[in-house]
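Inspection log for the structure reproduced underneath, given as structure tokens.
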Amino acid sequence: MLKEGDNAGIVYCSTTKQVDETARLLQSRGIRAAAYHAKLDADTRRKNQDDFLYDRVQIMVATNAFGMGIDKPNVRFVIHYNMPKDVESYYQEAGRAGRDGQPARCTLLYSGTDVRTIRFFIEKEMEADNGLPADVKAEAARKAEERLKYMTFYSTTQDCLRGFLLHYFGEAAPKKCGNCSCCLAAEQEAQLQVEYSRRRAADNARRLTEKPRRTKAVAGELSEFDQKLLNALYAQRKRLAGKQNIPAFMVFSDATLREMVEKKPLSTDELLNISGVGEKKAARYGNAFLRIIEDAVGSRE
């Protein structure tokens, strides 16, 4: 599930104990992970948050205390290790992935134990001596149970997940989004695999009768040359960000670097035609990236 290369991600857990255990487990597997929850002292929380924001840490394992006010655009995945207490919390936390407009993945792990844990906290709040009248606490518990019910429905439904969320918040939605795990059900995936195998067999048969020819990379995939160039641009961005003590995306976004690889600008004028490159950024960082692109293009020739 965490085979995401160096992509940034957030793993949400319901208790501080699970946060600490999960962070240690990931660290033991060689993954750059940090923990964030209310029981950590303020300095540790601030350091771990900055490490994640500045890409020194790949994965943040956290309770729902993490994320408010954090706008890290290149979060590629959010995993809920436990079911959140309500749909509102899930929607807010899942929405922290893919803010740069690039594809991102949200995974919710569900267990009946999660429901019991959330009910335990609801009952604990009911029993708390907080000065509230009994009828007020009873109404709050009833609403919390109602929200938990819909979160459980979401976690177990076989209908379109996006449609469920939109309907929950009172918006219209198509019957299927074609992108969530429910829409991409096992039967449909099997049918796609059969169709893929049939087409691949036909393609192989056709190639046997054709003369060899150069083939282009599949759309969205990078050639070996372009991937090396992209890695070099990532490394340069990391160096520049480190020198200025700013997050890497504030130099250039991932999408901007990918467009540089695609168009391979060799001058400032060409660089300014890349999305996300303005005159200020071109003046500040342009030459550093143009040199890398020029060297790469020159070596290929």
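Under the working numbering, the first residue of the sequence shown is numbered 14, with each subsequent residue one higher.
Every residue gets a Cβ at the ideal spot worked out from N, C-alpha and C, and that includes glycine.
Output needed for residue i: all residues of its chain with C-beta closer than 6 Å, excluding positions within five of it in sequence on either side, in chain order.
i: VAL8; result: Absent from the structure is residue 8, since the part of the chain shown begins at 14 and ends at 314.
i: ALA261; result: ASP68, ARG250, LYS251 and ALA254
i: ILE135; result: ALA154 and ALA157
Is it the case that the Cβ atoms of residue i and residue j are separated by a distance below 8 Å?
i: GLN171; j: CYS195; result: yes
i: GLN71; j: ALA21; result: yes
i: LEU161; j: VAL128; result: yes
i: ALA268; j: GLN62; result: no
i: LYS293; j: PHE265; result: no
i: LEU53; j: ALA46; result: no
How would you label residue i, buried or exposed, when you count the other beta carbons within 10 angstroms and need 16 or more for buried?
i: LEU3; result: Outside the displayed span of the chain (14 to 314) sits residue 3, for which this structure offers no information.
i: LYS85; result: buried
i: ASN95; result: buried
i: LEU242; result: buried
i: HIS180; result: exposed
i: GLY183; result: exposed
i: PRO97; result: buried
i: ILE259; result: exposed
i: SER168; result: buried
i: PHE65; result: buried
i: GLY80; result: buried
Measure the alpha-carbon distance for residue i versus residue j and round it to whole angstroms.
i: PHE133; j: ALA151; result: 15 Å
i: THR29; j: THR57; result: 14 Å
i: ALA48; j: THR76; result: 9 Å
i: ARG112; j: MET263; result: 14 Å
i: GLN105; j: ASP308; result: 44 Å
i: ARG37; j: ALA185; result: 42 Å
i: GLY299; j: THR281; result: 7 Å
i: ARG227; j: GLU275; result: Bear in mind that a pLDDT of 48 at ARG227, under 50, signals an unreliable position, so the number given afterwards is only what the model happens to contain. Spanning the two alpha carbons is a distance of roughly 19 Å.
i: ASN244; j: GLN257; result: 20 Å
i: LYS60; j: SER41; result: 20 Å
i: ARG297; j: GLU234; result: 30 Å
i: ASP148; j: MET139; result: 10 Å
i: TYR103; j: ALA198; result: 22 Å
Could you pull out every residue in the same chain whose Cβ sits closer than 8 Å to the Cβ of residue i, ignoring the five residues on either side in sequence?
i: ALA110; result: GLY22, ILE23, VAL88, ARG89, PHE90, VAL91, ALA117, ARG118 and CYS119
i: LYS99; result: The sequence given here places Asp at residue 99; Lys does not occur at that position. ALA157, ARG160, LEU161, TYR163 and MET164.
i: SER288; result: ALA268, THR269 and GLU272
i: PRO278; result: LEU284, ASN286, ILE287, LEU303 and ILE306
i: CYS26; result: VAL32, THR35, VAL74, ALA75, THR76, TYR94 and ASN95
i: LEU122; result: ILE92, HIS93, TYR94, ASN95 and MET96
i: LYS189; result: CYS173, GLY176 and CYS196
i: VAL310; result: LYS277 and LEU279
i: ARG313; result: PHE238
So, for residue i: in the same chain, excluding its five sequence neighbours on each side, which residues have a beta-carbon less than 7 Å away from its beta-carbon?
i: ASP239; result: VAL274
i: ILE131; result: LYS98 and LEU161
Counting only beta-carbon separations shorter than 8 Å, does residue i have a partner in chain B?
i: TYR163; result: In the displayed structure, chain B is absent; only one protein chain is listed.
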